[in-house]
Ligand code: GDP
């Protein structure tokens, strides 16, 4: 499954957000280092289409997809050199598919800021610097290895040396690897290097309740500062999320949100942004036994999509029966869709689209 890590300076609202997202009960306190263990939580991916299918079919079980969230605390200035609790957590970052970087865009004199004032652009640079320093170490080692291999090897190794040299220079220029301009081969090498700043990133501006729709001067300055990065930026109020998480019923939550002028909770906004960032889409399997959502990368062909369910489905793939989501809703059932001839029978080259209801045929 998809795994995201939350990073940010101490006291920016990471644990508050993490707790609200996962409803876990980790500690949120008004001083640095309240969160000492990397906390792991699962969040369910909300999907209105799936709710509709469930309404129509009334299945015995419903299985949404999940995202694993890791709260990676303790990143501070000097973390790459082992300061604070940072270094041990850099390893946790290496394992995630995407990074959620929370920056503080709220003013509250009761909440200590580690650097004395609210300044999300500076805060982001502090974190970036630590990750970049670590990446420089990694890239230097990779370059040594590539150079050795190039001595005895051929052209391919020389090209690796070129790409890694370029990435290293970019990092030494204090820029995150994700903004390095590389061709496909270079991108593949970058991915293989598992650099911390090579990961897709989603910035969360944590704002006060009053600024959650409009943003504020801090979040505006921040958006400008990251405009050149291939990244998503969203506004969330961790405080609102925490309040929502305490409400028992769905109705209460929705009423609370609409009183604030919001259509959906921040967790939904965050998940949608993560899906967009990672180019992910959802397809469904639907029957009386079970309605289930599956996550795949955009552009995945039918056998690859089947492989998410089981590798045997991919290996023995014969064909897929596909119903477009809108057709399913319009005609109301699989049988009705079949009757009007709208069920597609697709082969290995079919590219699955968002919302498809799939049924795979395969050899075992
Ligand atoms: P972390 O160190 O980044 O995990 O930060 P925490 O989640 O522990 O938050 C630090 C303090 O800031 C806590 O006292 C929170 O209640 C408070 N806090 C978090 N988000 C907000 C916010 O949006 N507005 C205000 N005023 N306080 C917040």
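In UniProt numbering, the protein residues as written are 2 to 365. All residues carry an ideal CB built from backbone N, CA and C; glycine is no exception. Since this is a predicted model, take the numbers as computed values, not measurements.
I believe residue i touches residue j by the beta-carbon criterion, under 8 Å. Please report the beta-carbon distance rounded to the nearest angstrom.
{"i": "residue 165", "j": "residue 179", "result": "Contact flag wrong, Cβ pair sits at about 16 Å."}
{"i": "residue 213", "j": "residue 236", "result": "6 Å"}
{"i": "residue 223", "j": "residue 307", "result": "So it is not a contact: roughly 42 Å between Cβ atoms."}
{"i": "residue 70", "j": "residue 23", "result": "6 Å"}
{"i": "residue 358", "j": "residue 326", "result": "7 Å"}
{"i": "residue 72", "j": "residue 111", "result": "22 Å between Cβ atoms; not a contact."}
{"i": "residue 128", "j": "residue 8", "result": "6 Å"}
{"i": "residue 211", "j": "residue 54", "result": "Their Cβ separation, rounded to whole angstroms, is 38 Å, which puts residue 211 and residue 54 out of contact at 8 Å."}
{"i": "residue 344", "j": "residue 353", "result": "So it is not a contact: roughly 15 Å between Cβ atoms."}
Under 8 Å, do residue i and residue j count as touching if we go by C-beta distance?
{"i": "residue 360", "j": "residue 322", "result": "yes"}
{"i": "residue 15", "j": "residue 74", "result": "yes"}
{"i": "residue 349", "j": "residue 302", "result": "yes"}
{"i": "residue 1", "j": "residue 2", "result": "Past the boundaries of the shown model lies residue 1; the chain is included only from 2 to 365, so the question cannot be answered."}
{"i": "residue 13", "j": "residue 103", "result": "yes"}
{"i": "residue 232", "j": "residue 202", "result": "yes"}
{"i": "residue 65", "j": "residue 291", "result": "no"}
{"i": "residue 140", "j": "residue 194", "result": "yes"}
{"i": "residue 340", "j": "residue 324", "result": "no"}
{"i": "residue 131", "j": "residue 76", "result": "yes"}
{"i": "residue 20", "j": "residue 243", "result": "yes"}
{"i": "residue 43", "j": "residue 285", "result": "no"}
{"i": "residue 207", "j": "residue 18", "result": "yes"}
{"i": "residue 295", "j": "residue 283", "result": "yes"}
{"i": "residue 46", "j": "residue 272", "result": "yes"}
{"i": "residue 151", "j": "residue 162", "result": "yes"}
Shorter than 7 Å, the distance from the beta carbon of residue i to the closest heavy atom of the ligand GDP, or not?
{"i": "residue 318", "result": "no"}
{"i": "residue 15", "result": "yes"}
{"i": "residue 121", "result": "no"}
{"i": "residue 62", "result": "no"}
{"i": "residue 220", "result": "no"}
{"i": "residue 107", "result": "yes"}
{"i": "residue 112", "result": "yes"}
{"i": "residue 246", "result": "no"}
{"i": "residue 74", "result": "yes"}
{"i": "residue 209", "result": "yes"}
{"i": "residue 11", "result": "yes"}
{"i": "residue 21", "result": "no"}
{"i": "residue 240", "result": "yes"}
Mind checking who residue i pairs with in its DSSP beta bridge?
{"i": "residue 4", "result": "69"}
{"i": "residue 158", "result": "In the DSSP output, where bridge partners are listed per residue, residue 158 has none listed."}
{"i": "residue 206", "result": "104 and 236"}
{"i": "residue 43", "result": "69"}
{"i": "residue 63", "result": "292"}
{"i": "residue 99", "result": "5"}
Which whole runs of the beta strand (DSSP E) in the UniProt domain "TGS" (280-363) are 3 residues long or more, in chain order? Listed in chain order, they are 281-287, 291-298, 318-324, 345-347 and 358-363.
Along the chain, which unbroken stretches of the alpha helix (DSSP H) at least 4 residues long are found entirely within the stretch 117-205? Fully enclosed alpha helix (DSSP H) runs of 4 or longer: 121-153, 156-173 and 185-194.
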